[in-house]
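Q:
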Amino acid sequence: MAIKEALLALLQRSPASAYQLKKEFDATTSETWPLNIGQVSTTLQRLQRDGLIEQCPDNEITVVETTTVRSTNAEPYRDKVATPPNRAATATRTKAQPTAVWQLTDTGREAVSQWWSTPVTLEQRGRDELVMKLAFAVTTPGVDVTALIQRQRVALQRLLHDVTRARRALPPSDVAGLLVLDHHIFATEAELRWLDTIDDHRLRARL
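The opening residue of the sequence shown carries number 1 in the UniProt record's numbering; numbering runs sequentially from there.
1) THR188: buried (16+ other C-beta within 10 angstroms of its C-beta) or exposed?
2) Any idea what DSSP makes of GLU129, helix, strand or coil?
3) Suppose you measure from the CA of SER17 to the CA of LEU195; what does that come to, to the nearest Å?
4) Identify which residue in LEU7, ALA137, ARG165 and GLU24 has its Cα closest to the Cα of GLN45.
5) Identify every residue that forms a DSSP beta bridge with VAL101.
6) Shorter than 6 Å, the distance from the beta carbon of GLY177 to the closest heavy atom of the ligand GTP, or not?
7) Might you give, ordered along the chain, the residues of its own chain that have their beta carbon closer than 6 Å to the beta carbon of LEU192, omitting 5 neighbours on each side?
8) Since GLU54 is in the beta strand (DSSP E), which residue starts that stretch and which ends it?
9) So, under 8 Å CB-CB, ALA166 and LEU178 are touching, yes? Tell me the CB distance rounded to an integer number of Å.
10) THR43 and ILE3 - do their beta-carbons sit closer together than 7 Å?
11) Please state if the CB of ALA135 and the CB of LEU148 are separated by a distance shorter than 7 Å.
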């Protein structure tokens, strides 16, 4: 998955912190490929090393910290302002914590522009584990290919049900989420049809 390019694309919208980038990534993809903050931070370090991003000059954001303390007030509870004895009171403390906010460099903007204009090839999508597993399974003695296919089919049908339900819950205005989930639906349906062809190939091979 092109995490590096996705983060650059998000920074093309506006400067952001690692946490903001994680939230925007998850929202844009309807949380179908959730990132952890460690992935984001590591990728940002690599992008900075490669000269694609830099820290904004002003990096201070406000973090609100809430602390709950136990009241030691021994006076009777006389009004709505006083704290009743033996009840918890909540104290809110606000502090400013410096946090890195990232922005694109000129090189980073060129990289994003190149990404938009370059088509994605099959080589860039990586190896498909399911295709590899079944290719080796049908050529390895002793492997129950029929059972393997059936387990995979059940898993894909369950995934298709979950993704279809998630898509129905999205509003029409969430164009990014709809296109991501539509791709998952079409890809899952295609894999189910592909599994059906494997049995046909095996039957013909036995004739």
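Beta carbons are placed, not taken as given, at the ideal position from N, Cα and C, and that holds for glycine.
A: On the basis of the data shown:
1) It is buried - the Cβ of THR188 has at least 16 other Cβ atoms within 10 Å.
2) GLU129: helix per DSSP, three-state reduction.
3) It is roughly 43 Å from the alpha-carbon of SER17 to the alpha-carbon of LEU195.
4) The shortest Cα separation from GLN45 among LEU7, ALA137, ARG165 and GLU24 belongs to LEU7.
5) Answer is SER17, bridged to VAL101.
6) The ligand content of the structure shown is nil, which means the ligand GTP is not present either.
7) For LEU192, where only same-chain residues beyond five positions count, the Cβ hits under 6 Å are LEU156.
8) 53–55 is the extent of the beta strand (DSSP E) around GLU54.
9) Not really, about 10 Å apart at Cβ, beyond 8 Å.
10) In this structure, ILE3 places its C-beta atom within 7 Å of the C-beta atom of THR43.
11) Between LEU148 and ALA135, the CB-CB gap reaches or exceeds 7 Å.
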